[in-house]
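Under my numbering, think of the first position of the sequence shown as 1, with each following residue one higher. Every residue, glycine too, gets a C-beta built ideally from N, C-alpha and C. Structure, as structure tokens:
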Amino acid sequence: MKAKSKKILLILLLFCCALSGYFLWLSLRPLEIVAVHEDGNYSSVLVKNFPFTDKGKINWWLQNKDMLKMRYGIPKPASYGGYDITFWNFGSGYKKEDKYDRICFQDMTTDKKCIEKDAIFSVDKSTNSGTVFTVYNGDNYRLDKNDKFVKINEE
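Encoded structure:
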């Protein structure tokens with residue numbers, strides 16, 4: 001009976017190690033920006049390997065917003081200073097417009113100019129609300145006066 005318990009424990013330990021290794025590998029993959037599409041002060045950034053956690057997503061934005069401005073020219077604020085950037089999961093790539101629940105980019109001239117609507121994260125800046133981060137699991141965050149992010153209670 002002891003030998004059987006040790007085998008089960010060893011199998012569980014190996015399974016936990018493999019699962020931990022897999023999640024570590026997923027979290028260490030570099031983020032890839034596939035494309036940036038713009039429509040006025042609205043920008044869509046198509047990405048692969050975006051961070052999993054709310055904190056990881058917001059920290060990535062805070063660390064890379066200058067790079068996005070320099071490399072891609074986003075955000076492009078409206079005359080009143082507001083902008084909206086949505087990060088979309090690129091998934092399996094561009095598709096044709098034949099499915100109803102896809103977002104299509106009019107700045108492309110090809111047949112395959114749509115992706116599945118799988119928003120991961122957005123950054124919205126307005127004069128009334130300031131900078132608001134939306135994580136598409138239902139949580140919203142705002143930058144405070146010290147550039148720290150705080151969760152917005154929607155009650």
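Cβ neighbour criterion (16 or more within 10 Å) applied to residue i
| i | result |
| --- | --- |
| D84 | buried |
| E155 | Caution is warranted here: a pLDDT of 48 is assigned to E155, below 50, making its placement in the model unreliable, and no coordinate value can be reported. |
| T86 | buried |
| L46 | buried |
| I115 | buried |
| S122 | buried |
| F15 | exposed |
Distance CB(residue i)-CB(residue j) smaller than 8 Å
| i | j | result |
| --- | --- | --- |
| G91 | D118 | yes |
| D89 | I120 | For the sequence presented, residue 89 should be read as Asn rather than Asp. Yes. |
| D54 | V135 | yes |
| E38 | I74 | yes |
Of the residues the options, the one placed nearest residue i, counting alpha carbons only
| i | options | result |
| --- | --- | --- |
| G81 | S122, S44, K7, S129 | S129 |
| A78 | F52, I11, N146, S43 | S43 |
Range covered by the alpha helix (DSSP H) that runs through residue i
| i | result |
| --- | --- |
| I58 | 54 to 72 |
Residue-level contact to chain B via CB, residue i, 8 Å cutoff
| i | result |
| --- | --- |
| L62 | The structure shown contains no chain B, having only a single protein chain. |
Limits of the beta strand (DSSP E) - the one that residue i falls within
| i | result |
| --- | --- |
| T110 | Looking at the DSSP string, T110 is not in any beta strand (DSSP E), and its letter there is neither H nor E. |
| Y83 | 83 to 89 |
| S92 | No beta strand (DSSP E) holds S92; DSSP gives it neither H nor E. |
- Pairing CB atoms from the region 66 to 74 with CB atoms from the region 108 to 115, are three or more of them under 8 Å? no
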